[in-house]
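Participant:
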């Protein structure tokens, strides 16, 4: 591997930074203390920055002549779950931990900042975006709504995720879809309540709900083309409070994932048809609330990422045939506004999965991520 020597020389320092962030996880948009730490490092490196979005931060580093701007984005937020690791830097905040590697993502960009503070021999501008609220809190949207793409002419944007199950020293680059869309739905079925012994004077909503749930389970198998991927999951059903009473209302919630926007449209339409059909049969009212939470993350410049990855880990360690993930990533919102690519960097074959109480970012891939970013700059600037 051709890891950057400047990053390797400061690896112990970067590990210490990562461990500090890991010990003090912040959730959602409330990443104020993490931002304070990042600002202290940027001040040390002599790099200017400004606040953006909600507790997010963007730093700007200008090179020599040239008007191309490349942005690198990382996330900072942890999760509301208790850590079961027992190493010295485990979370000190009860019920919160960095179970998705954002502490390492963040530190990798700090490492890039340290490198660029001494190496500005590129043509153009580099932006370093430290983003809050990736874990379902619309942090990317808050950055975009705060005029990010109006303040900065972003020609390319890149990001990465530490990836369990992929060997450390390997980088996965997807052509096209990398991460799935995420849609959320709620169905409220309303009938007529009454005594359980006299269903004939009621209009029981559970019968329609049973058919709706059964119908939703057939959408992917019967309507989605066999060469496409989709997931429809029922996650909650609530209704009634009495053993001997038929309720007025039953609520169903669920989640939809796909890697194709046409399939996304098909599934939403099919859910609406299923609800309407079942409710018509049983004479109850059904209201569907369908929300598109994240779009599909589409890589538009995989060749740039692949060439950069090959420089760092060698062509034999660049993986291009992995299936896209059915997990969602709000980096997808940025890809609606500019070109770019999101890659996976192996966290280790034996790494616990993401969002697991024993997950930990692999410190040894910090220089892989930072070196990948540097190689992207070499490719484009």
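In our numbering, the protein residues as written are 2 to 382. Just so it is clear, CB atoms sit at the ideal spot from N, CA and C, and this is done for glycine as well. Computed from a prediction, not measured in an experiment: that's the story for all the values here.
Pull up the CB-CB distance for residue 335 and residue 141, whole angstroms please, since I reckon it's below 8 Å.
Facilitator: Reading the chain shown from its first residue, position 334 is the one you call residue 335. Reading the chain shown from its first residue, position 140 is the one you call residue 141. 6 Å between Cβ atoms; contact.
Participant: Under 7 Å from any heavy atom of the ligand NAP, does the C-beta of residue 301 make it?
Facilitator: The ligand NAP is absent from the structure shown, which contains no ligand whatsoever.
Participant: From this set, 242, 188, 339 and 206, which residue's C-alpha is nearest residue 291's C-alpha?
Facilitator: Walking along the chain shown from the start, residue 291 turns up at place 290. Among 242, 188, 339 and 206, the Cα nearest to that of residue 291 is on 188.
Participant: Would residue 338 be called buried (16 or more neighbouring beta carbons within 10 Å of its own) or exposed?
Facilitator: Your numbering for residue 338 matches position 337 in the chain shown. With fewer than 16 Cβ atoms within 10 Å of its Cβ, residue 338 is classed as exposed.
Participant: Would you mind reading off the limits of the alpha helix (DSSP H) that contains residue 46?
Facilitator: Mapped onto the chain shown, residue 46 falls at position 45. Per DSSP, residue 46 belongs to the alpha helix (DSSP H) from 33 to 46.
Participant: From the DSSP output, in three-state form, read off residue 411 for me.
Facilitator: No answer is possible for residue 411: the residues shown for the chain start at 2 and end at 382.
Participant: Report the partner residues of residue 326 according to the DSSP bridge assignment.
Facilitator: As a first step, residue 326 is located in the chain shown; it is residue number 325 there, counting from the start. In the DSSP output, where bridge partners are listed per residue, residue 326 has 180.
Participant: Candidates 235, 251 and 236: which alpha carbon is nearest residue 242's?
Facilitator: Counting from one through the chain shown, the residue named residue 242 turns up at place 241. The candidate whose alpha carbon is nearest that of residue 242 is 251.
Participant: Which one or two residues does DSSP pair with residue 132 in a beta bridge?
Facilitator: The residue you call residue 132 lines up with position 131 of the chain shown. The partner list for residue 132 (beta bridge, DSSP) reads 76.
Participant: Okay, do the stretch 284 to 298 and the stretch 214 to 229 touch, 3+ Cβ pairs below 8 Å being the bar?
Facilitator: Judged by Cβ distances under 8 Å, the stretch 284 to 298 makes no contact with the stretch 214 to 229, as fewer than three pairs qualify.
Participant: Taking the alpha-carbon positions, what's the residue 193 to residue 269 distance?
Facilitator: Along the chain shown, one-based indexing puts residue 193 at 192. Along the chain shown, one-based indexing puts residue 269 at 268. If you take the alpha carbons of residue 193 and residue 269, they lie about 27 Å apart.
Participant: Using the C-alpha atoms, what's the distance from residue 179 back to residue 58?
Facilitator: Taking the chain shown and counting its residues from 1, the one referred to as residue 58 is at position 57. Taking the chain shown and counting its residues from 1, the one referred to as residue 179 is at position 178. If I take the Cα positions, the gap works out to 25 Å.
Participant: Quick check: residue 55 and residue 143, are their CB atoms within less than 8 Å of each other?
Facilitator: Here residue 55 corresponds to residue number 54 of the chain shown, with the count starting at 1. Here residue 143 corresponds to residue number 142 of the chain shown, with the count starting at 1. Yes, the Cβ-Cβ distance between residue 55 and residue 143 is below 8 Å.
Participant: Between 301, 60 and 79, which has its C-alpha nearest residue 30's C-alpha?
Facilitator: Taking the first residue of the chain shown as position 1, residue 30 is located at position 29. Checked all of 301, 60 and 79; the closest Cα to residue 30 is 79.
Participant: Starting from residue 106 and walking both ways along the alpha helix (DSSP H), at which residues does that stretch end?
Facilitator: Within the chain shown, the letter at position 105 stands for residue 106. Where residue 106 is concerned, the enclosing alpha helix (DSSP H) stretches over 103 to 117.
Participant: Kindly identify the DSSP beta-bridge partner or partners of residue 124.
Facilitator: To locate residue 124, count along the chain shown from 1; it is residue 123. Answer by DSSP bridge pairing, in chain order: 65.
Participant: Quick one: what's got a C-beta closer than 6 Å to residue 90's C-beta in the same chain, skipping five residues either side?
Facilitator: On the chain shown, residue 90 is found 89 positions in, with the first residue counted as 1. If we look at residue 90 and ignore the five residues flanking it on each side, its Cβ neighbours are 20, 23 and 24.
Participant: Whose CA, out of 185, 36, 284 and 197, lies closest to the CA of residue 210?
Facilitator: What you label residue 210 is simply residue 209 of the chain shown in a count that begins at 1. It is 284.
Participant: Are residue 118 and residue 64 close, meaning C-beta to C-beta below 8 Å?
Facilitator: In the chain shown, counting from the first residue as 1, residue 118 sits at position 117. In the chain shown, counting from the first residue as 1, residue 64 sits at position 63. It is not a contact, given that the beta carbons lie outside the stated cut-off.
Participant: Could you spell out the range, first to last residue, of the alpha helix (DSSP H) harbouring residue 304?
Facilitator: Taking the chain shown and counting its residues from 1, the one referred to as residue 304 is at position 303. 303 to 314 is the extent of the alpha helix (DSSP H) around residue 304.
Participant: For residue 240 versus residue 186, is the C-beta distance shorter than 8 Å?
Facilitator: For the purposes of this step, residue 240 is identified with residue 239 of the chain shown, where counting begins at 1. For the purposes of this step, residue 186 is identified with residue 185 of the chain shown, where counting begins at 1. Going by C-beta atoms, residue 240 is not nearer than 8 Å to residue 186.
Participant: Taking the beta carbon of residue 354 as the centre, do at least 16 other beta carbons fall within 10 Å, making it buried, or is it exposed?
Facilitator: Working through the chain shown from its first residue, we reach residue 354 at position 353. By the neighbour-count rule (16 or more Cβ atoms within 10 Å), residue 354 is not buried but exposed.
Participant: According to DSSP, simplified to helix, strand and coil, what is residue 271?
Facilitator: What you label residue 271 is simply residue 270 of the chain shown in a count that begins at 1. Reduced to three states, the DSSP call for residue 271 is helix.
Participant: From residue 85 to residue 93, what does the alpha carbon distance come to, in whole angstroms?
Facilitator: On the chain shown, position 84 is the one that residue 85 refers to. On the chain shown, position 92 is the one that residue 93 refers to. So the alpha carbons of these two residues sit roughly 12 Å apart.
Participant: For residue 171, does the three-state DSSP call read helix, strand or coil?
Facilitator: Along the chain shown, read from residue 1 onward, the residue named residue 171 stands at position 170. It is coil, neither helix nor strand.
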